[in-house]
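Let me begin by presenting the structure, written as structure tokens, before commenting on it.
In our numbering, the protein residues as written are 65 to 449.
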């Protein structure tokens, strides 16, 4: 009972600092909103087109892309502006139709189209979409050139005939059947951002709780508790429960808040709950270890911020692991964040169950057990020294 009281007291201390409401509740939701709006996978893919001076055939090519239901086309005045937009993530890919495109095609030349893409799945999928539209126009142009070469019509007349004939040809229906039904799952706009930010904020706020633990030691609160009929293990358990409660509260705020506000899917409820609890154990152990190692809040605060953001970046909570090179992906899996991101990817993107994330669960449990054991040993020494 004493351990629970100590844990609840630590949780209450968190909210005595009014800024905690912002950093625990409001700030994570704002980050999820911004990430979803900028990089979310749901909705139309964003394609930029620079086609100044391309002529009628260039405009026709751009029009074919605009008519696609799943592509949101943005026009740019020049290639430089389009390149910047792709680099900043304003569009996921870009197509440069050179000036004089129409004139070059009519003269029999083969103009070069430049395609720019971000290193994510949406940008690469747009490549296939653009290629299909370009191929359709190229087929019409080849037909017009053939008619011109045979003396049956001028190039312009051949284009008209080819378009008319193409419109009269019935379309081909294609039905796609996946052998793996889970492969059809398409993450929503906010799904990936929510899971990665959950890991980031749970870990970061757990580390920031090290300052409260250091303050408890500096003020002699722990020693006064030990002067009463309270065992060291009770104090350690209470401090651990407090850190775990803070981490769990942060995780539940993000998980339930994103579900209610943004409609985020967390996949299998049992699997998502297990991952959250295990990662809270990781954060709890790391926070207690920080609180036991450092002597003042300034040291712990600086190292906690660096470690929290650094490990999140390496572990794929700021940039998706899919865009990492192979060597960097192996390094990323030295962090608990990478395993947590893998687990949520299996649950959300592939409709996995708690059984499908057994390796991730095992590694996260090992991280949590190791950190908690090391933190308990070090904090015991600090309390009884």
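Backbone N, C-alpha and C define an ideal beta-carbon position, used for all residues, glycine too.
Note that the coordinates shown come from a computational prediction; the quantities given were computed from them, not determined experimentally.
Per DSSP, what kind of secondary structure is residue i in: helix, strand or coil?
i	result
residue 332	coil
residue 137	strand
residue 16	The shown model of the chain, from 65 to 449, leaves out residue 16, and the question about it has no answer.
residue 179	strand
residue 112	strand
residue 358	coil
residue 452	Past the boundaries of the shown model lies residue 452; the chain is included only from 65 to 449, so the question cannot be answered.
residue 152	coil
residue 118	coil
residue 410	helix
residue 217	coil
residue 327	coil
residue 443	helix
residue 417	coil
residue 131	coil
residue 207	helix
residue 244	Confidence at residue 244 is low in this model, with a pLDDT of 48, below 50, so its placement is unreliable and no value can be given for it.
residue 426	helix
residue 171	coil
residue 433	helix
residue 295	coil
residue 257	helix
residue 340	helix
residue 164	coil
residue 283	coil
residue 106	For residue 106, the predicted structure reports a pLDDT of 48, less than 50, and the residue's modelled location is therefore unreliable. The matter cannot be settled from this model.
residue 222	helix
residue 249	Note on residue 249: pLDDT 47, under 50, position unreliable in the model; the coordinate value appears next. Note: residue 249 maps to coil in three-state DSSP.
residue 142	coil
Can you check whether the CB of residue j is closer than 9 Å to the CB of residue i?
i	j	result
residue 148	residue 162	no
residue 219	residue 227	no
residue 328	residue 258	yes
residue 128	residue 200	yes
residue 125	residue 197	yes
residue 375	residue 267	yes
residue 139	residue 150	no
residue 411	residue 396	no
residue 352	residue 440	yes
residue 269	residue 347	yes
residue 271	residue 371	yes
residue 160	residue 180	yes
residue 310	residue 361	no
residue 146	residue 173	no
residue 296	residue 418	no
residue 88	residue 363	no
residue 334	residue 312	no
residue 326	residue 94	no
Between the Cα of residue i and those of the options, spot the shortest distance and give me the residue it belongs to.
i	options	result
residue 155	212, 166, 362, 136	136
residue 398	283, 331, 431	431
residue 427	343, 191, 202	343
residue 68	229, 150, 298	298
residue 274	315, 369, 190, 93	369
residue 413	437, 349, 336, 354	336
residue 112	89, 152, 119	152
residue 118	95, 141, 165	165
residue 392	379, 345, 403	379
residue 442	212, 229, 363, 350	350
residue 182	326, 382, 191	191
residue 421	364, 331, 445	331
residue 204	193, 130, 176, 170	170
residue 193	359, 109, 146, 224	109
residue 34	213, 355, 313	Past the boundaries of the shown model lies residue 34; the chain is included only from 65 to 449, so the question cannot be answered.
residue 434	400, 415, 229, 215	400
residue 359	387, 423, 446, 389	446
residue 141	229, 116, 221, 90	116
residue 357	403, 389, 444, 429	444
Is residue i close to chain C, meaning its C-beta is less than 9 Å from at least one C-beta of that chain?
i	result
residue 199	Absent here is chain C; the protein component of the structure consists of one chain.
Under the criterion of a Cβ to heavy atom distance below 8 Å, does residue i qualify as lining the ligand GDP?
i	result
residue 401	For the structure depicted, the ligand GDP is absent and the ligand set is empty, with no information on it obtainable.
Can you confirm whether the stretch 317-330 touches the stretch 260-274 when touching is taken to mean that 3 or more C-beta pairs between the two stretches lie within less than 8 Å?
The stretch 260-274, when compared against the stretch 317-330, does touch it at the 8 Å Cβ threshold.
**Prompt:** Do the stretch 298-306 and the stretch 405-418 meet, that is, are 3 or more Cβ pairs less than 8 Å apart?
**Reply:** no
* Report the residue ranges of all beta strand (DSSP E) runs contained in full by the stretch 364-404; include only those spanning at least 3 residues, in chain order. => Entirely contained in the stretch 364-404, not one beta strand (DSSP E) run reaches 3 residues.
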